[in-house]
Amino acid sequence: MSQQSSASAPLSPAPPQRDPRRWWILAVLCSSLFVIVLDNTILNVAIPSITEQLDASTAQIQWTINAYTLVLSGLLITAGGLSDRLGRKRALLLGLLVFGVGSAIGAFAGSPEVLIGARALMGVGAAFLMPGTLAVLVRTFDNEERPKAIGIWAAVSSVGMALGPVLGGFLLDHFWWGVTFLINVPVAVVGLIAMGALLRESKDPANARPDLIGALLCTVSVVALVWAVISVPGQGWLDPETLGAGLLGLAGATVFVRWELRAPDPMLDMTMFKNPKFRGAVFGGILSAFGMAGSLFLLTQDLQFLRGYAPLEAGAQLTPMAVGVLISSILISPRVVKKLGIGKGVALGVTCSAAGLLTVALAPDDGYLVLAAGLLLLGGGAGISGPLVANALMSSIPPERASTGSGVNNTLQELGSGLGVGVLGAVLVAAFSQNLPGGLGGAAAESFPAAVAAAGDDSGLLAQVRDSFADSLTISQLIGAAAVLLGGWLAGALLLRADRADRARAAAREAEAAVSGSGRADGAADDRPV
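Numbered by UniProt numbering, the letters in the sequence shown go through residues 1 to 530 in order.
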């Protein structure tokens, strides 16, 4: 009888086996991600050397920096969609190969034009790499280990961004400027070998046709929008070029959305935006990038113009922020999500970041301890909220669209970063022009160096210019802190509501399963021989 009963009981599904190579896979993915984000900032310290040795104009230098950002941002969603359709492993290998080739060309470029082309080629490779790293990570780790893995992924991204100027300065002290490109090549070679050996191919089983029209519309609209936001600090919001690019981007985005809603095989499933968890994650990602990029933009000016640090020294002073991100992403964020959930965890993270921005804004000019504490708190808050936002976004989309979702996440972060610099930069300029002493206006209000040059040798006027700039920085930082706090709380509220809805659905499924199981047990009991 016991054998009959045992045979009639439903078998529990075996728990999924964890890939024993999963941490090696994460190491390969993170090393590729590290060089991608490193190239966003490492080139800045090499600008004087490149300008001198390649006889580059200011416009050519700007294109050298922006070519990478524009191409990367413009292709992220398109590359993510192609990765889902054609295979994520294939896309990662292609991206790493193109990125490595572009880096090698850039290292030995003999003219500004070749260097600009190399940076654009690197952007193409990075666009295929970035969405794939997060998509493969999500498919490699189960629900229990995924928050920790995403925390490590986010920490590597933030630390790579922060270490760019420091590493670039160290390399330029010992080698020529091309080494800032050349260091990517061995990483690409090792990554190609390791990815080929470790990764399994995965793609959307629907095997839909590529949405070429959607890809074109998406690329044009995102490139135009990114061009508009990165033009704001130098040209202003009302510059015809900035306005034209912004209007083109908005028009392109409108046409793109209308096309995707009607396309038979859309590149981007617009129904994802109906999910409150996806909307909250998108909003939280934009605000997180807004706060980090905007604060870095203001901080570098504070450290160099007011505190007198050289560019390399200023980069080193930001180390506490990188340490905060590293510790909280890996050690604190996974614990927070277990205890508080995603919504409350994001609210906690942005509160810490806003408190850090407030501390930095009010830190005295003659000491570093308070500033370091603020930077540590700022990075710690970002390290808590960033991985939670990424986890929420990736868990709110179908697994077969993982690369597309990751591409959306990365694209919006690029836009958020540009908006952070543009909006807070505009606030800084407006406040500075109002705070300047009488007689200094016009071109002098555009930047601190311009105002110093206009003040000449008048020590009293120079002191007033310095005080005006310090007050303007404080105002901008306080506005940034308020925006991060309020926006982050709103994102946290959206995610909290989504959390509760998920728990309610899970409880309903458990209750239904319990009722079904009870019914089967009663039926089995009735069938037992008397």
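Here a beta-carbon is modelled for each residue, glycine too, at the ideal position from N, C-alpha and C.
Gly356 and Val429 have their C-alpha atoms some 23 Å from each other. Counting only the Cα atoms, Gly407 lies some 12 Å from Val282. Of all C-beta pairs linking the segment 332–349 to the segment 485–499, three or more are shorter than 8 Å, placing the two stretches in contact.
Spatial neighbours of Ser111 in its own chain (CB-CB distance under 7 Å, excluding positions within 5 residues in sequence) are listed in chain order as Leu54. The residue from Thr319, Asp467 and Leu287 with its alpha-carbon nearest to that of Thr300 is Thr319. If one requires a minimum length of 4 residues, the alpha helix (DSSP H) runs lying completely within the segment 363–425 are 369–395, in chain order. The beta carbon of Val28 sits closer than 7 Å to those of Gly191, Ala194, Met195 and Leu198, all from its chain and outside the five residues before and after it, given in chain order. For the set Gly341, Asp211 and Ile42, the Cα lying nearest the Cα of Asp502 is the one of Gly341.
Shown here, Trp176 sits in coil according to DSSP, grouped into three states, outside any helix or strand. Pro266 carries a coil assignment under DSSP once its states are collapsed to helix, strand and coil. Annotation for Gln304: Ala314 place their beta carbon closer than 6 Å to its own, counting only its chain and skipping 5 residues before and after.
The residue from Leu94, Ala118 and Ala91 with its alpha-carbon nearest to that of Ala104 is Ala118. For the pair Gly379 and Thr359, the CB atoms are not nearer than the 7 Å cut-off. For Ala109, no alpha helix (DSSP H) segment is defined, and its DSSP state is neither H nor E. Thr78 and Trp259 have their alpha carbons spaced roughly 14 Å apart. Ala481 places its beta carbon 7 Å or farther from that of Val325. Membership of Leu296 in the alpha helix (DSSP H) is indicated by the continuous run Pro276 to Gln301. Contact check for Thr219 against Gly74 passes: the beta carbons are separated by less than 7 Å.
Here Val124 is not near Val187, since their CB atoms are 7 Å or more apart. For Tyr309, the secondary structure class from DSSP, reduced to helix, strand or coil, is coil. Leaving aside the five residues that flank Arg21 on each side, the residues in its chain whose CB is nearer than 6 Å to its CB run, in chain order, Leu198. Rounded to whole angstroms, the separation of the alpha carbons of Ala310 and Ser353 is 26 Å.
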